Each structure stands twice: as C-alpha cells, then as structure tokens.
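Below is one structure, written out as structure tokens; comments come after it.
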Amino acid sequence: MNAHLIDTLLEKTVVPSFSSIGPGVRRRLFDWQRLESYDLTGRVVVLTGGTSGIGEAAAELYATLGATLVIVARDLEKTQRTIERLSNQSGNTDMHYVIGDLGRQEDVHTIAAELSSRFPAIDVLAHNAGALFNERRLAQNGIDLSVELMVSTPFLLTGLLLPQLGVPHEPLHDTTAGTATAARPRPGRVLTMSSGGMYTEPLTVDGLCMPDATYQGAQQYARAKRAQVVLNELWGERISATQCVFHALHPGWVATPGITEALPGFSRILGPLGLLRSPREGADTMVWLSADTEPEKDTGKFWHDRAQRSIHMSQKTRKANTDERRQALWQWCEAHTGWSLTPV
Ligand SMILES: NC(=O)c1ccc[n+]([C@@H]2O[C@H](COP(=O)([O-])OP(=O)(O)OC[C@H]3O[C@@H](n4cnc5c(N)ncnc54)[C@H](OP(=O)(O)O)[C@@H]3O)[C@@H](O)[C@H]2O)c1
Numbered sequence: 005m006n007a008h009l010i011d012t013l014l015e016k017t018v019v020p021s022f023s024s025i026g027p028g029v030r031r032r033l034f035d036w037q038r039l040e041s042y043d044l045t046g047r048v049v050v051l052t053g054g055t056s057g058i059g060e061a062a063a064e065l066y067a068t069l070g071a072t073l074v075i076v077a078r079d080l081e082k083t084q085r086t087i088e089r090l091s092n093q094s095g096n097t098d099m100h101y102v103i104g105d106l107g108r109q110e111d112v113h114t115i116a117a118e119l120s121s122r123f124p125a126i127d128v129l130a131h132n133a134g135a136l137f138n139e140r141r142l143a144q145n146g147i148d149l150s151v152e153l154m155v156s157t158p159f160l161l162t163g164l165l166l167p168q169l170g171v172p173h174e175p176l177h178d179t180t181a182g183t184a185t186a187a188r189p190r191p192g193r194v195l196t197m198s199s200g201g202m203y204t205e206p207l208t209v210d211g212l213c214m215p216d217a218t219y220q221g222a223q224q225y226a227r228a229k230r231a232q233v234v235l236n237e238l239w240g241e242r243i244s245a246t247q248c249v250f251h252a253l254h255p256g257w258v259a260t261p262g263i264t265e266a267l268p269g270f271s272r273i274l275g276p277l278g279l280l281r282s283p284r285e286g287a288d289t290m291v292w293l294s295a296d297t298e299p300e301k302d303t304g305k306f307w308h309d310r311a312q313r314s315i316h317m318s319q320k321t322r323k324a325n326t327d328e329r330r331q332a333l334w335q336w337c338e339a340h341t342g343w344s345l346t347p348v
C-alpha cells in the first residue's frame, strides 16, 4: 500500500492519527528529516508560550538549531529560568525574552513595540500560547479570555509586526563575482498552533464568545481554535506569499501541564496507555514549518504531522464556513482590536 494512502487512512481514524501512533508511523512512512539537521542560525524566531509544554519543547529545539530565539511570556522568573536552562543545554546564548500578558491587548501593543525596536526583521512568529478554561474567565476588557488569548491578541500581534515580517535580509553574495547583489527577500512565516478540537465546532462569529448560560470550556476552546484556522486562511489570502506565509497546525494529543490541568480524565486514561505524544512530538511540525523550505511554497494552509490537512472532517463545519461568516470574523477582529489592514 502506498505511503500517502496509509497516511490518509490514519488521518480518517482520528485516535491513531492524533495519538503518539501518528508520528511513530508517519516518521517511518515518509522518512522524516531529523529536526536537528536543520540550521536556523541567523533566523529570528518569536515564540509565544515558550515556558511550558509544547512551547517549551519547541524553544529547546529552536535553541538547538541555532535560532535567535525570543520568547514572549508573562512570568519573568519562569521565563528567565527557561532561557537559562535552554541556553546552558544548547550552548546558544542568542536567546531573549519580552514579558507581557497575551490576554491583554495593551500588553500586546507594548510587546510589539519592544519586538520591533529590538528585532527589525522577524523570520518566524509562532503563536503557541493557549489554554482551555473549564470555568469561564474574562479578560480585562470583558471578552472571554480564551478568545482574547487565542484569537484577538494573535491577530493584533501579527498585524502590528507585519512590517518586520519578511523584510529583505542579508545581501546575496555572488560567489563568482565576489560582490554583493540585491537583498534577498525571504518571506516571513506566521505559525498558529490550533487544535484538532476545532474539527468539532463550526465557524461562528456571533457565538464566538459563548453565552454564560451554555458555557462549556471544551466547546468554547474549539470555537476559538476554529476561528484561528479560518483567520490563518484569511491572512494567507490578504498578504502576498512573497512577503509572508501563514500556516496553522494541530499538534495531536500531547502530554503537557496544560492538558493535565484542563482535561485530567483524558490524560489519566490516554497517558498510561502511552497514547499521548511527548511535548517534543507535539512541537515537531511547528519547528519543521519554521525550518523546512516546503512551507514557503504555499500559504494559508493547515498542517498536522508535516502534511497539509483539511480543516473539515464533517459537513457541519464545511457548511458553516461561508464567505460571509469568514469576512465577518475578519471584521470582528479588526473592530475588536482596533488594528486594520487597510488604514482608516
Ligand atoms: N497539549 C495538547 O494536547 C494540545 C492539543 C491541541 C492543541 N494544543 C495547543 O498547543 C498550545 C500549547 O499548549 P500546551 O498543551 O503546551 O499548554 P501549556 O503547557 O499550558 O502551555 C501553554 C503556554 O501558554 C502560555 N500562556 C497561557 N496564557 C498566557 C497568557 N495570558 N499570556 C502569556 N502566555 C500565556 C503559558 O504560560 P505560563 O508558562 O506562564 O503558564 C504556557 O507557556 C496551546 O495553544 C494549546 O491550545 C495543545
């Protein structure tokens, strides 16, 4: 049976695909290039949520591959400890941090201002921070915190950093003539860590923040994650891929502090069966999307285990994905964050 057919069958069965079986099989099927063989020296990678779980594993990999790594996080001491550990481990001293709460739009403005003054060119912006709240939490502006953290503030941060993403980098050296030629524009990459949970929820803008009476954490989380993948496509439609490419992904089911806290029963059952992925396996596709040339060939795509996937597994979500709702989501983000692609 051909490798792509096996992969497609695996994808349709969900449990083997999302669990630790997925990368185990696919690594062998497609002879995955080892992440450690990539070189990110000279590339500026801005990573949110790099202090725990998948993000921490990604930070470790970025450090090992020699990236100039900037972790955006909310807890100063925890972030400093993470950077010190990763720096000692990898020998990479080109590691930085910017502190701010990604549940607050005011902080995002400060974070973006600091990033753009310190890093005039950003190669990768990886939106990884996220959380599932079983009890509703509200951001300071009164909006559901999971929507603020995973929809509004990544949108705002991307918008504010667009001038830094994909600006021309070092001049190309013509080795035959020994002269520097025109600057080589390398597209920036914006990556968004969504979740397979989004397959369960159709796109909704009116219901993006669930009403209190019917609030359910997992459902609210899935709605925010659905919005993330749609926004990823919309960014891809609006920004030229020669400037910046946009990709979203889902990591499968990963053993992290976040999942243990949010879904303890799930972790208790799948963990002992060995079905949860390691954080490193959860980080694999994000780091691969940052380092391989394949993601530069396309934009606005959704990935899992290093391959493009559909954003739908049911008619219910397909039907709800109307152009009207998609445009309404973009307009909601612009109105809610005050950042607009077309200056008003
Ligand atoms: N684990 C899974 O199975 C799974 C499955 C699908 C998708 N995901 C997604 O993968 C991403 C990482 O999740 P994880 O499982 O690794 O969770 P995690 O261990 O809880 O890590 C979440 C990260 O996000 C940061 N964060 C949360 N709220 C923040 C805020 N207001 N401001 C700044 N940073 C904030 C956390 O910072 P602190 O260290 O300060 O807490 C932490 O670094 C999330 O987007 C999640 O939705 C995970």
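Quick note, the working numbering runs 4 ahead of the 1-based positions in the sequence shown. No residue lacks a Cβ here, since even glycine has one placed at the ideal position from N, Cα and C. Please read these numbers as outputs of a predicted model, since none were measured by experiment.
DSSP three-state assignment for residue i, whether helix, strand or coil
{"i": "Phe306", "result": "strand"}
{"i": "Val151", "result": "helix"}
{"i": "Tyr42", "result": "coil"}
{"i": "Phe159", "result": "helix"}
{"i": "Ile243", "result": "coil"}
{"i": "His8", "result": "helix"}
{"i": "Gly192", "result": "strand"}
{"i": "Ala222", "result": "helix"}
{"i": "His251", "result": "strand"}
{"i": "Ala181", "result": "Unreliable placement is indicated for Ala181, whose pLDDT of 49 sits below 50; the coordinate value is still reported in the next sentence. Coil at Ala181, not helix or strand."}
{"i": "Leu176", "result": "The predicted model places Leu176 with a pLDDT of 45, which falls under 50 and marks its position as unreliable; any figure quoted below should be read in that light. Residue state, collapsed to three classes: strand."}
{"i": "Ala287", "result": "helix"}
{"i": "Thr321", "result": "helix"}
Residue nearest to residue i in terms of C-alpha spacing, selected from the options
{"i": "Gln312", "options": "Lys323, Ala332, Met290, Gln93", "result": "Met290"}
{"i": "Gly256", "options": "Ser244, Cys248, Pro158, Ser271", "result": "Ser271"}
{"i": "Gly28", "options": "Pro299, Gly286, Ser91", "result": "Gly286"}
{"i": "Ser318", "options": "Thr72, Ala266, Glu205, Ala117", "result": "Glu205"}
{"i": "Leu280", "options": "Gly211, Phe22, Tyr66", "result": "Phe22"}
{"i": "Pro261", "options": "Pro124, Gly275, Gln93", "result": "Gly275"}
{"i": "Phe123", "options": "Ala135, His131, Asp98", "result": "Asp98"}
{"i": "Ser282", "options": "Ser294, Val258, Val49", "result": "Val258"}
{"i": "Glu40", "options": "Leu153, Arg284, Ala117, Val128", "result": "Arg284"}
{"i": "Lys82", "options": "Ala63, Gln168, Ser56", "result": "Ser56"}
{"i": "Tyr42", "options": "Met197, Lys323, Ser244, Gly70", "result": "Gly70"}
{"i": "Val48", "options": "Ala228, Gln109, Ala62, Asp127", "result": "Asp127"}
{"i": "Thr303", "options": "Gly240, Arg329, Gln335", "result": "Gly240"}
{"i": "Ser199", "options": "Ala135, Glu139, Leu169, Tyr219", "result": "Ala135"}
{"i": "Thr68", "options": "Glu118, Met197, Gln93", "result": "Gln93"}
{"i": "Ala77", "options": "Arg85, Trp334, Gly53", "result": "Gly53"}
{"i": "Gly221", "options": "Glu237, Met202, Asn236, Leu238", "result": "Met202"}
{"i": "Ala266", "options": "Arg140, Trp343, Arg89", "result": "Arg140"}
Rounded C-alpha distance that separates residue i from residue j
{"i": "Met214", "j": "Gln224", "result": "6 Å"}
{"i": "Ile10", "j": "Gln37", "result": "19 Å"}
{"i": "Gly278", "j": "His251", "result": "29 Å"}
{"i": "Leu207", "j": "Arg230", "result": "6 Å"}
{"i": "Leu73", "j": "Ala226", "result": "29 Å"}
{"i": "Gly104", "j": "Thr246", "result": "30 Å"}
{"i": "Asp288", "j": "Pro299", "result": "14 Å"}
{"i": "Gly269", "j": "Pro20", "result": "19 Å"}
{"i": "Gly146", "j": "Gly59", "result": "27 Å"}
{"i": "Leu14", "j": "His254", "result": "15 Å"}
{"i": "Leu149", "j": "Ala133", "result": "12 Å"}
{"i": "Leu176", "j": "Gly192", "result": "With a pLDDT of 45 at Leu176, under the threshold of 50, the modelled position of that residue is not reliable, and the figure given next carries that caveat. Spanning the two alpha carbons is a distance of roughly 17 Å."}
{"i": "Asn325", "j": "Val18", "result": "22 Å"}
{"i": "Ala228", "j": "Leu44", "result": "31 Å"}
Residue burial classification, residue i (beta-carbon count within 10 angstroms, cutoff 16)
{"i": "Ser121", "result": "exposed"}
{"i": "Val102", "result": "buried"}
{"i": "Gly95", "result": "exposed"}
{"i": "Arg242", "result": "exposed"}
{"i": "Ile87", "result": "buried"}
{"i": "Thr185", "result": "Low confidence applies to Thr185: its pLDDT is 46, below 50, so where it sits in the model is not reliable, and the reading given next is rough at best. Exposed, because fewer than 16 other Cβ atoms sit within 10 Å of the Cβ of Thr185."}
{"i": "Asp111", "result": "buried"}
{"i": "Arg30", "result": "buried"}
{"i": "Ser24", "result": "buried"}
{"i": "Asp178", "result": "Caution applies to Asp178, whose pLDDT of 46 falls short of 50 and renders its modelled position unreliable; the model cannot decide the point."}
Beta-carbon proximity of residue i to residue j, cut-off 7 Å
{"i": "Phe137", "j": "Val233", "result": "no"}
{"i": "Leu160", "j": "Thr297", "result": "no"}
{"i": "Leu195", "j": "Leu293", "result": "yes"}
{"i": "Glu152", "j": "Gly211", "result": "no"}
{"i": "Leu164", "j": "Val50", "result": "no"}
{"i": "Val155", "j": "Ala332", "result": "no"}
{"i": "Asp327", "j": "Gly26", "result": "no"}
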